[in-house]
Structures are given as C-alpha cells and as structure tokens.
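The sequence shown begins at 1 in the UniProt record's numbering and counts up by one.
Glycine included, every Cβ here is placed at the ideal spot set by N, Cα and C.
All values reported here derive from a predicted model rather than from experimental measurement.
One structure is given below, encoded as structure tokens.
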Amino acid sequence: MLLVEIGDDIAAFGTAKKLAFWAGVCPGNHESAGKRVAGKKRKGNPYVRRILCEAANAAGRTRCVCREKFESLLVRRGRKRAIFALVHKILRIFFVLFSRGDPYRDATIDYEALSVERNAPR
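Written as structure tokens, this is what we have:
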C-alpha cells in the first residue's frame, strides 16, 4: 500500500526529508527564547501515515533496531511520540532502500547463523 500511495518514482521527492514532509511525519520544532517546544503533526497523506503507524507499532514489538529506538524513546517521551518518531525513521529507511534498490538488512540479526540453521540437516 505504501508504494501505491507514494508511487514507483521515488526520485521525484529528491530527499528523505521531502518525502517525510509530504507524508506529514516530519517533526515540528518551535524555538523561542532558547526554549524548544515540539510542534504539531503536519497535514500530509493520511493513508501513508496510518500505514506507517501500524508498521511502527509492529516494529516496536519485534527484535530489531527499531525496537531499541522505540524503547529508548518510550522512556523519555511517551508511547505516542515514540511511535511517531519511529514512523519517521521507518520512512527514511524506506526511502534509502527503495532509491538504492537494496534489501533491508537489520544490524541486530546474524544472517549467516540463520542460513546455517535453515540449511542444517534435520
């Protein structure tokens, strides 16, 4: 569904920041007199935001790099803000992977051990 909403020409966005702004998931930031206040969520594509929120909820419960990020933010910022920050991270990862054409390889998973385990005689 994400590809349907974004389209197959991801180069039209140029950067991951522009894609995040289009989707409405870039964090707002207001600073006045040295005080930083988080801004409101931006208007963007509600379908993309909904899909990414579901993906972030799922990623927060699995063993991956995203879970580590989610748990560190959960303690400091709360559940909703942690999910929204994870949505932004997932969209940036999606942009890089799709623009380069690379498969996703999680840093916390040992893929060699998995392939040995799968190919081992039973």
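Assignment of K35 by DSSP, reduced to helix, strand and coil, places it in the strand class. Around the beta carbon of L19, 16 or more other beta carbons lie within 10 angstroms, which makes this residue buried.
Just so you know, the alpha carbons of G24 and S72 end up roughly 23 Å apart. From the listed residues V116, I93, E117, the smallest Cα separation to A107 is found for I93. L86 and I51 have their C-alpha atoms roughly 12 Å apart.
If you look at P46, you'll find it in the alpha helix (DSSP H) that goes 46–59. With fewer than 16 other CB atoms across the displayed protein chains lying within 10 angstroms of its CB, V4 is exposed. Counting along the chain, I83 sits inside the alpha helix (DSSP H) bounded by residues 79–100. When C-alpha distances from K80 are compared across R122, A12, N119, N57, the shortest belongs to N57. Contact check for I90 against C66 passes: the beta carbons are separated by less than 8 Å.
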